[in-house]
Amino acid sequence: MQIIVNADDFGMDQDTLDATIDCFQTRAITSATLMAKMPATEAAIAFAAENPSLSFGVHLFLGRVTVEAPVSPPEKVPSLVQADGRFRPASDIRNDAVRGRLSESEIATEMAAQIDYFLQRGLAISHVDSHWHLHKMRPFFNALKTVLPQFGITRVRGAQNIFTTAQWKSPTYWLGGYWHKRISRSFKTTDLLFMSHASDLQWPDKLLRKLPNKTSLEVCVHPGRNDAWRRREWDAATSFSKAAERAGHKLVGWQDLAD
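Count the sequence shown with this note's numbering and you get residues 3 to 261, in order.
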């Protein structure tokens, strides 16, 4: 099986920057997705430029978790921002997406602005995914279908469709398979997506034991040192990648994914 281990949040801050670079150097990960206009974004872009053989994508974000603000002028995306020009909280954005209260054209405007932000800085974009995985929801997915062909981007993260523990209260546990198929009908993606869970310290072994007979898998991690949960994900990614290679799987980047 081809396995991609992707670090989200690259460039969010100095901690995630340093941890992600360390993960690349120890081959705990094979890919990373960058966030625009964050404190360590420019350093992440510089690392990508120095390592063109590695895989780097765009981590689209349309809601605020920490200090995130749009790349677009706030007046062009009013349904996404609050009075101070920063994004509205990500939880509010997600809830309004469910209720159909967001403008798909504004979402598309901001997605295009974030992608162009990186292209203008020379990043070779291998794929896209999103903060809080919002792109699996209909208004964001529809915006992707409008925006990505403009940039010639064909590869997109799917939705989680393999789990190591039952997550009865999670909508993705029940709908992930449907969302994944919808994404795969419009874009190139992996057969499987697994989101690492810092609370389940045994997920690397569990995941390898239950892998079905498929061609490709993406594992999403969030390495860091300052937060205990990020440190656990870093350790788990290292363990998983080593075990996957011992089991005969091939670690690849998004740009290496077989068509």
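All residues carry an ideal CB built from backbone N, CA and C; glycine is no exception.
DSSP three-state label for residue i, please.
i	result
residue 61	strand
residue 220	strand
residue 149	helix
residue 186	helix
residue 28	coil
residue 104	coil
residue 35	strand
residue 8	strand
residue 197	strand
residue 253	strand
What separation, rounded to the nearest whole angstrom, lies between the Cα atoms of residue i and residue j?
i	j	result
residue 193	residue 177	16 Å
residue 66	residue 163	26 Å
residue 247	residue 57	18 Å
residue 80	residue 147	21 Å
residue 107	residue 132	17 Å
residue 138	residue 159	9 Å
residue 183	residue 258	21 Å
residue 129	residue 230	28 Å
residue 186	residue 90	29 Å
residue 169	residue 244	27 Å
residue 209	residue 95	31 Å
residue 21	residue 241	15 Å
residue 93	residue 156	28 Å
residue 135	residue 54	26 Å
residue 251	residue 225	22 Å
Between residue i and residue j, how many whole angstroms is the CB-CB distance? I'm expecting something under 8 Å.
i	j	result
residue 124	residue 45	So it is not a contact: roughly 14 Å between Cβ atoms.
residue 5	residue 221	7 Å
residue 49	residue 23	6 Å
residue 117	residue 165	The pair is not a contact, with the Cβ atoms about 30 Å apart (cut-off 8 Å).
residue 59	residue 127	6 Å
residue 19	residue 120	Actually they do not touch by this definition, with Cβ atoms about 15 Å apart.
Which partner residues does residue i have in the DSSP bridge list?
i	result
residue 97	Its beta-bridge partners do not exist; DSSP assigns none.
residue 89	83
residue 132	62
residue 140	In the DSSP output, where bridge partners are listed per residue, residue 140 has none listed.
Does any residue of chain C bring its CB to less than 7 Å from the CB of residue i?
i	result
residue 212	Of the protein chains in this structure there is only one, and it is not chain C.
Q) Would you call the segment 26–33 and the segment 90–103 in contact, with 3 or more CB pairs under 8 Å? A) no
(message) Would you call the segment 234–249 in contact with the segment 193–212, where contact means no fewer than 3 C-beta pairs closer than 8 Å?
(response) At 8 Å Cβ cutoff, the stretches touch.
### Task
Please confirm if the segment 72–87 is in contact with the segment 139–149, defined as three or more CB-CB distances below 8 Å between the two stretches.
no
I want to know whether the segment 11–20 touches the segment 203–220 - three or more CB-CB distances under 8 Å. no
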